Amino acid sequence: METPLLSIRQLTVDFKAETGDFRAVNGLSFDIPKGKTVALVGESGSGKSVTAHAILQILSKKAHISGGSIVFNDPQNASYDIAALGAESDAMHALRGGRIAMIFQEPMTSLSPLHTIGDQISEALLIHARVSRGEARKRTMDKLARVGFPDPKRALTTYPFELSGGLRQRAMIAMALITRPALLIADEPTTALDVTTQAQILDLIKELQAETGMSVLLITHDLGVVANIADEVVVMYRGRVTETGSREDIFRNAQHPYLQALMRAVPRFAMAPDERLTPIREIKSATLASAHAPERIEPKGPILKVENLTKSYTLRAGWFSGKMLKIRAVSDVNLSLPVGKTLGLVGESGCGKTTVSKMIMRAMHQDSGRVLFDNGLGPRDVFELQGDALTEYRRSVQFIFQDPFSSLNPRMTVYEILTEPLRIHEIGTPDERYARAKQLLDMVGLDKRSLRRYPHSFSGGQRQRLGIARALALEPRVLLCDEPVSALDVSVQAQVLNLLKDLQSALGLSYLFVSHNLAVVDYIADTIAVMCRGYIVEEAPKISLFRNPVHPYTQALLAAVPDPDIDRPLDFAKLRADRFSAPSQWPEPFRLLHGEAGVMKEIEPGHKVRLSYRAAQEAA
Numbered sequence: 001m002e003t004p005l006l007s008i009r010q011l012t013v014d015f016k017a018e019t020g021d022f023r024a025v026n027g028l029s030f031d032i033p034k035g036k037t038v039a040l041v042g043e044s045g046s047g048k049s050v051t052a053h054a055i056l057q058i059l060s061k062k063a064h065i066s067g068g069s070i071v072f073n074d075p076q077n078a079s080y081d082i083a084a085l086g087a088e089s090d091a092m093h094a095l096r097g098g099r100i101a102m103i104f105q106e107p108m109t110s111l112s113p114l115h116t117i118g119d120q121i122s123e124a125l126l127i128h129a130r131v132s133r134g135e136a137r138k139r140t141m142d143k144l145a146r147v148g149f150p151d152p153k154r155a156l157t158t159y160p161f162e163l164s165g166g167l168r169q170r171a172m173i174a175m176a177l178i179t180r181p182a183l184l185i186a187d188e189p190t191t192a193l194d195v196t197t198q199a200q201i202l203d204l205i206k207e208l209q210a211e212t213g214m215s216v217l218l219i220t221h222d223l224g225v226v227a228n229i230a231d232e233v234v235v236m237y238r239g240r241v242t243e244t245g246s247r248e249d250i251f252r253n254a255q256h257p258y259l260q261a262l263m264r265a266v267p268r269f270a271m272a273p274d275e276r277l278t279p280i281r282e283i284k285s286a287t288l289a290s291a292h293a294p295e296r297i298e299p300k301g302p303i304l305k306v307e308n309l310t311k312s313y314t315l316r317a318g319w320f321s322g323k324m325l326k327i328r329a330v331s332d333v334n335l336s337l338p339v340g341k342t343l344g345l346v347g348e349s350g351c352g353k354t355t356v357s358k359m360i361m362r363a364m365h366q367d368s369g370r371v372l373f374d375n376g377l378g379p380r381d382v383f384e385l386q387g388d389a390l391t392e393y394r395r396s397v398q399f400i401f402q403d404p405f406s407s408l409n410p411r412m413t414v415y416e417i418l419t420e421p422l423r424i425h426e427i428g429t430p431d432e433r434y435a436r437a438k439q440l441l442d443m444v445g446l447d448k449r450s451l452r453r454y455p456h457s458f459s460g461g462q463r464q465r466l467g468i469a470r471a472l473a474l475e476p477r478v479l480l481c482d483e484p485v486s487a488l489d490v491s492v493q494a495q496v497l498n499l500l501k502d503l504q505s506a507l508g509l510s511y512l513f514v515s516h517n518l519a520v521v522d523y524i525a526d527t528i529a530v531m532c533r534g535y536i537v538e539e540a541p542k543i544s545l546f547r548n549p550v551h552p553y554t555q556a557l558l559a560a561v562p563d564p565d566i567d568r569p570l571d572f573a574k575l576r577a578d579r580f581s582a583p584s585q586w587p588e589p590f591r592l593l594h595g596e597a598g599v600m601k602e603i604e605p606g607h608k609v610r611l612s613y614r615a616a617q618e619a620a
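Take the sequence shown: its position 313, counted from the start at 1, is 313 in UniProt numbering, and no numbers get skipped.
Right under this line is the structure:
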């Protein structure tokens, strides 16, 4: 057999904590063959990233390798046992960023905000290869073009904050690949990205691997990604390997109960109407089982209606140009949310989904159009509400934020977080608020003893449940859920999605569920509206939408969702063309030229699609 590029044997990593030593990686052994992709799979906290940091000797000061070996058989040089090298040794400096490169999970925090993209990428080349600054600049431009930057020359002088998430991740890939490494470690390289951008990044990694012959260690919890890109799979749980094998073996014949449970937790398009996701740890709640909606007058029509909503932003065209650019973020959006139902709003980052939800919340004012809310006494325009009527509306419509880490105040205890809405709205006595806080914790499946703890002591999924509990404190009618599961593991995601479904049936809630993942929206929504460049391009009951997606953008979104089924691979060739998100490049009858809004036309009951004015008139 050929010698593997990297061979890990009995690797053990310990952390020194205030409560005593903690073993994050326990006797880990696996190989990475030359030119192959090995996926390291598991939930947060299973030891995946710690393993990657050990390979690069970039462990935190509290961690140390306490046993085992990491043998790197460099095709251009000698073999090294990385575990025996000092983190600051010359050999390690040569390997790190040179022969072994890494793409980190969060491109915004991994790139320096003070340096241009060009400087950051060429720095790796200047350190590891003897080249002039001119040569480094030229190779940096070539690499930026290779990873899909639309204007590589301009990108050299661009700062990270000026780029979208997808382009920042491409810059990270260019930085990792500029030195032509033998091993690329990709730590959750697509977690925070849209499904279309994610598919393009995965395609890019596969293509570059075929070109350069490098090996890839892909760290992920997304089994859909694994099914599309991995050659071999290593499944980790609590620092140990539970199962390992080829992609074919793992997906066709999963043996370990943990891997089987992970697979059952992933939302799939082929699920039966009443089928539930099966999280690894189910949320138990006695309060939720006996909960019921408060007595209130139900509206006769939709509880929330958006009519012709439009929002534009004015930006400076350049620092000294004096010219202003007008960007239309939301164009003539119409939505309707029935009582007790879920409306899914789907689209890529920057399409206007969050702007719509913020305008519904009245956290942002519209340019034109209106939002109607019906509390049972007839619809009223939200933008005209004042005084007590506005306070009542704010009680009735609550927000669940995307990021469970930054949406909770780190200086407030759980008790203070959950009772703050009650204090602001002057509801209840201190004793009643305390009882309500305990009830809310139990409703979302958290221990009542957590009231005195701070957010930092909870996992991401637990924090998101705290966010849901806070949103429920005022007994709202509508929840605006802005990407509430995009930052979570698949198993925790399943917990939160099931919890939202249970809360809806128990409390009669209505949801506007914003997401870029159609598989997640398919699981939770009744009706789905697809948004692109500020327009709603297609809207339909979910069964119609998935059975018969008509708009090219909807088809592209569906094609981009990685399915954890090796018999349904991503169509990378279809996704390489970036035309699907440019209205002027859509095929007829969908093409929208500059300034044209088009018309929503019903093609079957409840199923509408946006056509150009001319096509709509011809069809009429």
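No residue lacks a Cβ here, since even glycine has one placed at the ideal position from N, Cα and C. Just so it is clear, the structure is predicted and the values come from calculations on it, not from any experiment.
Does the Cβ of Glu604 have 16 or more other Cβ atoms within 10 Å, making it buried, or fewer, making it exposed?
Within the sequence shown, numbered from 1, the residue matching residue 604 stands at position 604. An exposed status is given to Glu604, since fewer than 16 other beta-carbon atoms sit within 10 Å of its beta-carbon.
Secondary structure, beta strand (DSSP E): runs of 3+ residues fully inside the region 44-98:
63-73 and 79-81
Cβ contact (3+ pairs, closer than 8 angstroms) linking the region 61-80 and the region 15-32
yes
Measure the beta-carbon distance from Ala182 to Arg99 and round it to whole angstroms, keeping in mind my assumption that it falls under 8 angstroms.
By 1-based counting over the sequence shown, the position of residue 182 is 182. By 1-based counting over the sequence shown, the position of residue 99 is 99. That pair is a contact at about 5 angstroms.
With DSSP as the reference, label Glu602 as helix, strand or coil.
As a first step, residue 602 is located in the sequence shown; it is residue number 602 there, counting from the start. Of the three classes helix, strand and coil, the one that applies to Glu602 here is strand, per DSSP.
Which class does Arg159 belong to by DSSP, given the choice of helix, strand or coil?
Position 159 of the sequence shown, counting from 1, holds the residue named residue 159. Arg is not the amino acid found at residue 159; the sequence shown has Tyr there. Tyr159: coil per DSSP, three-state reduction.
For the beta strand (DSSP E) containing Asn334, list its first residue and its last residue.
Reading the sequence shown from its first residue, position 334 is the one you call residue 334. Met324 to Leu337 is the span of the beta strand (DSSP E), which, as asked, contains Asn334.
Give the DSSP-derived three-state secondary structure of Pro152 in the structure shown.
Counting from 1 along the sequence shown, the entry for residue 152 is found at position 152. Helix.
Taking DSSP's pairing of strands, which residues face His456 in a bridge?
The residue labelled residue 456 in the question sits at position 456 within the sequence shown. Per DSSP, none; premise fails for His456.
Can you tell me whether Gly534 is buried or exposed, with buried defined as 16 or more other CB within 10 angstroms of its CB?
The residue labelled residue 534 in the question sits at position 534 within the sequence shown. Buried, by the Cβ-count rule.
Measure the C-alpha to C-alpha separation of Gly301 and Ser164 and round it to an integer number of angstroms.
Walking along the sequence shown from the start, residue 301 turns up at place 301. Walking along the sequence shown from the start, residue 164 turns up at place 164. Answer to the nearest angstrom: the Cα atoms are 39 angstroms apart.
Restricting to Cα atoms, I'd like to know which of Thr179, Asp203 and Ile219 is closest to Glu188.
Counting from 1 along the sequence shown, the entry for residue 188 is found at position 188. The option with the nearest alpha carbon to Glu188 is Ile219.
So if DSSP puts Tyr237 in a beta bridge, which residue, or which two residues, is it bridged to?
In the sequence shown, the residue the question calls residue 237 occupies position 237. According to DSSP, which records beta bridges pairwise, Tyr237 is partnered with Arg240.
What does Asp21 pair with, by DSSP beta-bridge criteria?
One-based indexing of the sequence shown puts residue 21 at position 21. Note: Asp21 sits in a beta bridge opposite Lys16.
Express the C-alpha separation of Ile201 and Leu223 in angstroms, rounding to a whole number.
Counting from one through the sequence shown, the residue named residue 223 turns up at place 223. Counting from one through the sequence shown, the residue named residue 201 turns up at place 201. One C-alpha to the other measures close to 16 angstroms.
Could you pull out every unbroken beta strand (DSSP E) segment of at least 3 residues lying fully inside the region 489-519, listed in chain order?
510-515
Along the chain, which unbroken stretches of the beta strand (DSSP E) at least 3 residues long are found entirely within the region 563-587?
Those beta strand (DSSP E) runs which fall completely within the region 563-587 and span 3+ residues do not exist here.
Any heavy atom of the ligand MG closer than 8 angstroms to the CB of His551?
Of ligands this structure carries none, so the ligand MG is not represented either.
Around the Cβ of Ser457, are there at least 16 other Cβ atoms within 10 angstroms (buried) or fewer (exposed)?
Here residue 457 refers to the residue found at position 457 when the sequence shown is read from its first residue. The residue in question, Ser457, is exposed, as its Cβ has fewer than 16 Cβ neighbours within 10 Å.
Output yes or no for whether 9 angstroms exceeds the beta carbon distance between Val492 and Ser44.
One-based indexing of the sequence shown puts residue 492 at position 492. One-based indexing of the sequence shown puts residue 44 at position 44. Taking 9 angstroms as the Cβ cut-off, Val492 and Ser44 qualify as a contacting pair.
Taking all protein chains shown into account, do 16 or more other C-beta atoms lie within 10 angstroms of the C-beta of Thr212, making it buried, or fewer, making it exposed?
Within the sequence shown, residue 212 is the residue found at index 212, counting from 1. The residue in question, Thr212, is exposed, as its Cβ has fewer than 16 Cβ neighbours within 10 Å.
In whole angstroms, what separates the C-alpha of Leu204 from that of Leu345?
Here residue 204 refers to the residue found at position 204 of the sequence shown. Here residue 345 refers to the residue found at position 345 of the sequence shown. In a straight line, the C-alpha of Leu204 is about 28 angstroms away from that of Leu345.
Span of the beta strand (DSSP E), counted from its first residue to its last, around Gln398
In the sequence shown, the residue the question calls residue 398 occupies position 398. Per DSSP, the continuous beta strand (DSSP E) segment holding Gln398 begins and ends at Val397 to Ile400.
Would you mind stating whether Pro404 and Lys305 have Cβ atoms separated by less than 9 angstroms?
Residue mapping note: residue 404 aligns to position 404 of the sequence shown, counting from 1. Residue mapping note: residue 305 aligns to position 305 of the sequence shown, counting from 1. Their beta carbons are not under 9 angstroms apart, which means Pro404 does not touch Lys305 by this criterion.
For Thr220, does the three-state DSSP call read helix, strand or coil?
Translated into the one-based positions of the sequence shown, residue 220 becomes position 220. In the three-state scheme derived from DSSP, where H, G and I count as helix and E and B as strand, Thr220 is classed as strand.
Distance check for Thr191 and Ile485, CA to CA, integer angstroms please.
Counting from 1 along the sequence shown, the entry for residue 485 is found at position 485. Counting from 1 along the sequence shown, the entry for residue 191 is found at position 191. First, the residue type needs correcting, since residue 485 is Val and not Ile in the sequence shown. Straight-line Cα distance between these residues: approximately 11 angstroms.
Roughly how many whole angstroms lie between the Cα atoms of Lys323 and Thr157?
By one-based count along the sequence shown, residue 323 stands at place 323. By one-based count along the sequence shown, residue 157 stands at place 157. So the two alpha carbons sit approximately 21 angstroms from each other.
Under the three-state DSSP convention, the category Arg596 falls into:
Sequence index remark: in the sequence shown, residue 596 carries index 596 (1-based). Reading off the sequence shown, one finds Glu at residue 596, where the question assumed Arg. Reduced to three states, the DSSP call for Glu596 is coil.
Identify which residue in Ile528, Arg296, Leu56 and Ser544 has its Cα closest to the Cα of Gly347.
Your numbering for residue 347 matches position 347 in the sequence shown. Ranking the options by Cα distance to Gly347, first place goes to Ile528.
Check whether the Cβ atoms of Lys284 and Thr355 sit closer than 9 angstroms, and answer yes or no.
One-based indexing of the sequence shown puts residue 284 at position 284. One-based indexing of the sequence shown puts residue 355 at position 355. The answer is no: Cβ separation not under 9 angstroms.
Exposure of Lys542, with buried meaning 16 or more beta-carbon neighbours within 10 Å
Start at 1 with the first residue of the sequence shown, and residue 542 comes out as number 542. With 16 or more Cβ atoms within 10 Å of its Cβ, Lys542 is classed as buried.
Express the C-alpha separation of Ile297 and Asn375 in angstroms, rounding to a whole number.
As a working note, residue 375 is residue 375 in the sequence shown. As a working note, residue 297 is residue 297 in the sequence shown. C-alpha separation (whole angstroms): 7 angstroms.
Let's see if you can read the secondary structure: which residues bound the beta strand (DSSP E) around Phe373?
In the sequence shown, counting from the first residue as 1, residue 373 sits at position 373. Per DSSP, Phe373 belongs to the beta strand (DSSP E) from Ser368 to Asp374.
Expressed to the nearest angstrom, what Euclidean distance is found between the alpha-carbon atoms of Glu618 and His594?
As a working mapping, residue 618 is identified with position 618 in the sequence shown. As a working mapping, residue 594 is identified with position 594 in the sequence shown. Approximately 20 angstroms between the Cα atoms of the pair.
In its own chain, which residues sit with a C-beta less than 6 angstroms from the C-beta of Ala616, not counting the 5 before and 5 after it?
Counting from 1 along the sequence shown, the entry for residue 616 is found at position 616. Result list for Ala616: Val599 and Lys601, in chain order.
Taking all protein chains shown into account, decide if Ile424 is buried (16 or more other Cβ within 10 angstroms of its Cβ) or exposed.
On the sequence shown, position 424 is the one that residue 424 refers to. Looking at its Cβ environment, which holds fewer than 16 other Cβ atoms inside 10 Å, Ile424 is exposed.
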